[in-house]
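Novice: Top line first, the protein sequences correspond to chains G, P and E. Residue numbering for the first sequence follows numbering that gives the first Met the number 0, starting at 0 and increasing by one per position. Residue numbering for the second sequence follows numbering that gives the first Met the number 0, starting at 0 and increasing by one per position. Residue numbering for the third sequence follows numbering that gives the first Met the number 0, starting at 0 and increasing by one per position. Backbone N, C-alpha and C fix where the C-beta goes; we use that ideal spot for every residue, glycine too.
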Amino acid sequence: MLRYVAFRLLSVIPVMAVVVVVVFLLLHLAPGDPAAMIAGEGASPETVLKVRARLHLDEPLYVQFGIWLRNLAVLDLGQSVFSELPVTKLIGQRAEQTLMLALMATVLSILYAVPLGIIAASRAGTLVDRAVMGFSVGGFSIPVFIVGYALMYVFAIQLRWLPVQGYKPLSEGLFTCLRTLLLPSTALALVFGALLARVTRAAMLEILSEDYVRTARAKGAGAARVLLLHALKNAGVPIVTVVGIGFASLIGGVVVTESVFNIPGIGRLTVDAILQRDYPVVQGVLLVFSALLIAVNLLVDLSYGLFDPRIRY
Amino acid sequence: MASNELTLDTAGVASDDTPEATRRLSAGVKASLYLLCAYVAIALFSPLLVGDYTTINTGQRLQPPGVEHWFGTDHLGREIFARSLVGTRTSLMVGVTVAAFATVFGVLIGLYAGFFRMADRIVMGLMDGLMAIPGVLLAIALASLLGGNLITLIVAITVPEIPRMARLTRSVVLSLREQSFVVAAVSIGTSTPKILFRHILPNAVGTLSVQATYVGAAAILTESVLSFLGVGIPPEVPSWGNIMAVGRQYFQLAPWIVGFPGLFLCLLVLAVNLLGDSLRDRLDPRTNIRSDL
Amino acid sequence: MAIPLIRRGALVLAALALVSAASTAPAQTVLRIKMTGDLQQIDPIWTTSYPVRDMSYLIYDTLFSTDANYKIQPQMVDKYTLSADGLTYTFTLRDGLKWHDGPPVTSTDCIASLERWMLKDTLGGVLKTHLDRFEKVDEKTFKLVLKNPWGLTLSALGKVSSYVPFMMPERMARTAPDKSNTEAIGSGPYIMKMSEWVPGAKIVYVKNPAYVPRKEPASMMAGGKVAGVDRIERINIPDDLSAVNALIAGEVDYIEAVPPDMMKLLEGNKDIVMGPRGNLGHSMQIVLNHLQPPLNDVRVRQAIQYAINQKEILQAYNGARTNLYKVCPTLLYCGGPYTSDVNSARSMANDPAKARALLKEAGYTGTPLIVMHPTDQKLQNDVMTVVVQQLRKAGFTVEAKMIDLATMFSWRTKKDPANAGGWHVFATGWGGVDLMDPATNVFMTGACDKGWFGWACDEEMQKLRTAFFASRTDDERKAIAVKMQARAQDVVPYVNGGQMLQFAAWRKNLKGIIEAPVPVLWNVSK
């Protein structure tokens, strides 16, 4: 098991290397640069040139890449080209809200999608099943921002039950914090959970037809016990896989909901930085997200062992 | 419902061979096919039918839907009805081209990677690296940096989809490679391209075309998200995404600006997804996990 | 197994909730404001950006300020004298002025701050040409010695808008001109709390307990600057509709500019007050690149004057709210002290036919105009969409480049030929406060290469400007300003896109909002 973990960790390195190169090239081959934005409205063209020089924007690509790599080695992601605050600090300021949002969305999706999938599977072929499946396909056919605005309109603007925008950190109270995240995470969960419900249902169906399930039922075990104890555990593998793969899309969804609900998270940071050509921030964030994605997938792989004792390394 | 043989995959609708079930499926699929045909027709003929959809008319700002303007007007006085119909072209074009290119490139990469062990390591390493960057962020970065026009946008949305297609193709190739007909072809010295394209690919078409439809649906959604964030199709060319992007500021004051394009969008994507589902039921008995939101 | 886990989980959650509910925030008055745009940097001498300027007014102080009658009043200066020959100003600072990190404000700091400001600001630059030297007398007194008498010295020092001659500690004022200060130590009524700055999201200012306001009541930018609340949080809400809803829900207290279409959401609301933000507002300028053909031909530029219809542009953004906008014939801002509609027939004509005729006369053969069209800011987007249509109607071939603001800022610095990466037209919005005075209006310089983007080149405008600065009386200045405008209407450094007033909105429990051309946040209390 340990060997497997070590092997997987090592195999991450070439992947990260690819990410590092791609992210660097991505930004430096693009038109438009931050120098003029930093210089501001009243700046003379000479000032803009000076700023470019200071940011090494005029040096050959490989020199800029070398500088960046050297800094990466000491986990120095550089500074924002505008505020000159360290990228790590900028990410750190916003990490909490993005992680909370992603976590809450994942939890909510699992909470509603898995039971729905189970119900649909246990009543395969009936109206209930078709309703769930219909809802599910509908769910991932709607863009997240439409769901977000619909929820905002009903619950925040009309009913005034929840805040319209913004984020309150955990330090101001758990419920206060969760209140600000409820609408955005629900929007995300509705879409993400649709896929999850499908997968759960299909996995459950497959398992329910297995011999050991029939044996359990024949022995007189109750339906619930069978479903939860035996079937669900085995359905764990495909479900967790979907969560892992879907995490990338979840990040995409997080970016959108952060924009709709004005949650100052890492997603917004990335979009703003891209629009302003704040290279160090964009590079830093893309690296962090990629690392996170790789970590999540690694965890998913390792968790297989928990669900299915047949899978041991 | 009585069924003896439930053929399943881990991501979808159950299908069985009873005649009623076949008929039952067809109803939903028929509806989506009709819907898709309608969309294609709109896309092809709308510019001829709707008249003016670009001219600004500041005297007719924010008119609600009514007799004169069926879907109302936006904040510059442009007709939402006309723009939504014309937006169909953009979305369909994005959906189809992204699906096509992602498939072509992904399949090519996957075929060679699946067949040649050497290529596999390198290529898959590259694909994994690309997949590690969250798709939407990569698309935003590409779209913003390459500039705002339809072609660069298609590139921006296609690139993140290629690795998934490549992976899928590769796994199909890996499983087919051990089949007897392939082994036989290799042993009699058939050239590699012939093996790949005459023997392996045709057997993979089912799985791949299913995935292609899902890619198409996802691309249409992604375009709307990119436009929503401000890096999508420039507003000169209406797309549902960019109509909604501006409309977001008016969703309380003039909900029709977001409502109608949104409806068009959801229905199209729904139809494509349902089509994909039914294709899968018919063509592809294998595991097919869709990984897009 | 499963059940005890759930119970355990519930207990943990409940405990967390109790603990977090027990933590109470200290009782402070907090003002939450939503302003236009955002700050990426914080140095107001480095950038003219309005968001930076506005927030800098909280933390920095100035030697002189402009009051509600547009008269210059001393602010940091206690008393001042002008020598009989009009050459030497002697300034003595007030007692009790201290920097946020402790040390007292000295004349060395002030001199250094002025020197840095003069390197960047156009009016400051003119002052510099008249300046002989600064002389420090003691820690609180210094002299400004001119080479020749210049009546605008105090006006320059009390300037309202960018670049504002804010006073900074010497070490900050000695920062190289191409570098931006990353600390924000001023001597103003509020202190910027760097540890709580989340760029792109939130900036926090706390009351400066050591600040000694002047005794007089506040009058626009002058008078006593009393900090009315303990804490100001500048929240960035890019979505205007969200901001309006947040105001209604009480999540923010003040919005600097409410988009005209959204005003109706606030109109019936008893808890919200709306008022014009200053009586000046801002206008849109359609800036033309004088270096690139076909715009190097004055007739083509004048054709654009015929083509642009201000009312249509203004209506696109403001809708039916005619009280919010004004069609303005002058290039020096309607409502300002030097306004004149002299020679404005072409600008007011709205005549595409005449434009076409002029183009024909100039021999325009269809060279495409490269027009920059930023799509990520609503005002820019709307204005350019209308402008492009108007240009096309007038017979121009237009290539509208859909870009974002960031790209526009860097692209407009390029002097390349238009077909090799250059540009012809872009739009920008300057405040009335900057436009209304030839001294601060960057478009009236005629300074060719040394001028602002667009590089309008005209010897006569340069001469008139020099004369403007040399004149001694207000009447003289007014006369010259009229001539400048007449000339500018022929040279066409820009075409006026229309003038707008912004309305701010705030919750009714806010008191002390001052009407000024820039947001004034001292004196505001809840």
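So which of E:Lys78, E:Met167, E:Pro437 has the shortest CA-CA distance to E:Thr140?
Specialist: E:Lys78
Novice: Less than 9 Å between CB atoms is the rule here; does E:Ile234 satisfy it with respect to chain G?
Specialist: yes
Novice: From the DSSP output, in three-state form, read off G:Ile12 for me.
Specialist: helix
Novice: Based on the DSSP output, what are the partners of G:Glu257 in its beta bridges?
Specialist: According to DSSP, which records beta bridges pairwise, G:Glu257 is partnered with nothing at all.
Novice: With H, G and I counted as helix, E and B as strand and the rest as coil, what does DSSP make of P:Trp239?
Specialist: helix
Novice: For the stretch 344–372 of chain E, list the alpha helix (DSSP H) runs that are entirely contained and at least 4 residues long, ordered along the chain.
Specialist: 344–348, 351–361
Novice: Which residues share a DSSP beta bridge with E:Pro275?
Specialist: E:Phe502
Novice: Ignoring anything shorter than 3 residues or poking outside the stretch 394–457 of chain E, list the beta strand (DSSP E) runs there in chain order.
Specialist: As far as the stretch 394–457 of chain E is concerned, its whole beta strand (DSSP E) runs of at least 3 residues are 397–402, 424–430.
Novice: Would you kindly report the start and end of the unbroken beta strand (DSSP E) that includes E:Ser64?
Specialist: DSSP places E:Ser64 inside the beta strand (DSSP E), whose first and last residues are 63–65.
Novice: Any contact of the stretch 70–84 of chain P with the stretch 123–143 of chain P, i.e. 3+ C-beta pairs under 8 Å?
Specialist: no
Novice: What would DSSP say about E:Phe165, mapped onto helix, strand or coil?
Specialist: strand
Novice: Measure the beta-carbon distance from G:Val253 to G:Leu100 and round it to whole angstroms, keeping in mind my assumption that it falls under 8 Å.
Specialist: 6 Å
Novice: Excluding sequence positions up to five away, which residues of its chain have a Cβ less than 6 Å from the Cβ of E:Met460?
Specialist: Gly445, Arg486
Novice: Rounded to whole angstroms, what is the Cα-Cα separation between E:Thr374 and E:Asp229?
Specialist: 38 Å
Novice: Under the criterion of a Cβ to heavy atom distance below 8 Å, does P:Val171 qualify as lining the ligand SAM?
Specialist: With respect to small molecules bound, the structure shown includes none, and the ligand SAM cannot be examined in it.
Novice: Between the C-alpha atoms of P:Pro237 and G:Tyr148, what's the straight-line distance to the nearest angstrom?
Specialist: 21 Å
Novice: Is the CB of E:Met401 under 9 Å away from at least one CB in chain P?
Specialist: yes
Novice: With a 10 Å radius around its C-beta and 16 neighbouring C-beta atoms as the bar for buried, classify E:Asp137 as buried or exposed.
Specialist: Answer is exposed; the Cβ neighbour count stays below 16.
Novice: For a test of the three-state rule: what should DSSP assign to E:Glu232, helix, strand or coil?
Specialist: strand
Novice: Alpha carbon to alpha carbon, how far is P:Leu228 from E:Ala399?
Specialist: 20 Å
Novice: Identify which residue in G:Gly235, G:Ala234, G:Ile238, G:Val259 has its Cα closest to the Cα of P:Val245.
Specialist: G:Val259
Novice: Using the C-alpha atoms, what's the distance from E:Gln488 back to E:Cys333?
Specialist: 15 Å
Novice: Can you list the residues of chain P that E:Thr35 reaches, using a CB-CB cut of under 9 Å?
Specialist: Within 9 Å Cβ-Cβ: nothing; E:Thr35 doesn't reach chain P, min ~14 Å.
Novice: E:Pro50 lies in the beta strand (DSSP E); which residues open and close that run?
Specialist: From DSSP, E:Pro50 is part of no beta strand (DSSP E) but of the alpha helix (DSSP H) over 49–58.
Novice: Whole angstroms is fine: what's the gap from P:Leu107's alpha carbon to E:Ile307's?
Specialist: 53 Å
Novice: Looking only at its chain, what residues have a beta carbon closer than 6 Å to the beta carbon of E:Ile236, apart from the 5 residues adjacent to it on each side?
Specialist: Lys33, Ala242
Novice: Select from G:Asn296, G:Phe288, G:Gln282 the residue whose C-alpha is nearest the C-alpha of G:Val98.
Specialist: Per the sequence shown, residue 98 of chain G should be read as Leu rather than Val. Of the candidates G:Asn296, G:Phe288, G:Gln282, the one whose C-alpha sits nearest the C-alpha of G:Leu98 is G:Phe288.
Novice: If you measure from the beta carbon of P:Pro64 to each beta carbon in chain G, is any gap under 9 Å?
Specialist: no
Novice: May I ask you to list, following chain order, the residues of the stretch 181–206 of chain E that have a beta carbon less than 8 Å from some beta carbon of chain G?
Specialist: Near chain G, meaning a CB-to-CB distance below 8 Å, the residues of the stretch 181–206 of chain E are Thr181, Trp196, Val197, Pro198, Gly199, Ala200, Lys201.
Novice: Run through the stretch 288–341 of chain E for me and flag every whole alpha helix (DSSP H) of 4 or more residues, listed as ranges in chain order.
Specialist: 297–306, 309–317
Novice: According to the Cβ coordinates, are P:Tyr111 and P:Leu195 closer than 9 Å?
Specialist: Yes; because the gap between Cβ atoms is below 9 Å, this pair is in contact.
Novice: At a CB-CB cut-off below 7 Å, which residues of chain P make contact with G:Tyr166?
Specialist: Neighbours of G:Tyr166 on chain P: none; closest Cβ ~19 Å, over 7 Å.
Novice: So E:Val491 is in the alpha helix (DSSP H); what residue range does that whole segment cover?
Specialist: No alpha helix (DSSP H) holds E:Val491; DSSP gives it neither H nor E.
Novice: Would you check if there are 3 or more beta carbon pairs closer than 8 Å linking the stretch 180–195 of chain E to the stretch 55–63 of chain E?
Specialist: The stretch 55–63 of chain E and the stretch 180–195 of chain E touch, with three or more beta-carbon pairs separated by less than 8 Å.
Novice: Could you give the distance in angstroms between the alpha-carbon of G:Gly264 and the alpha-carbon of G:Leu187?
Specialist: 15 Å
Novice: Can you check whether the CB of E:Gly431 is closer than 9 Å to the CB of E:His281?
Specialist: yes
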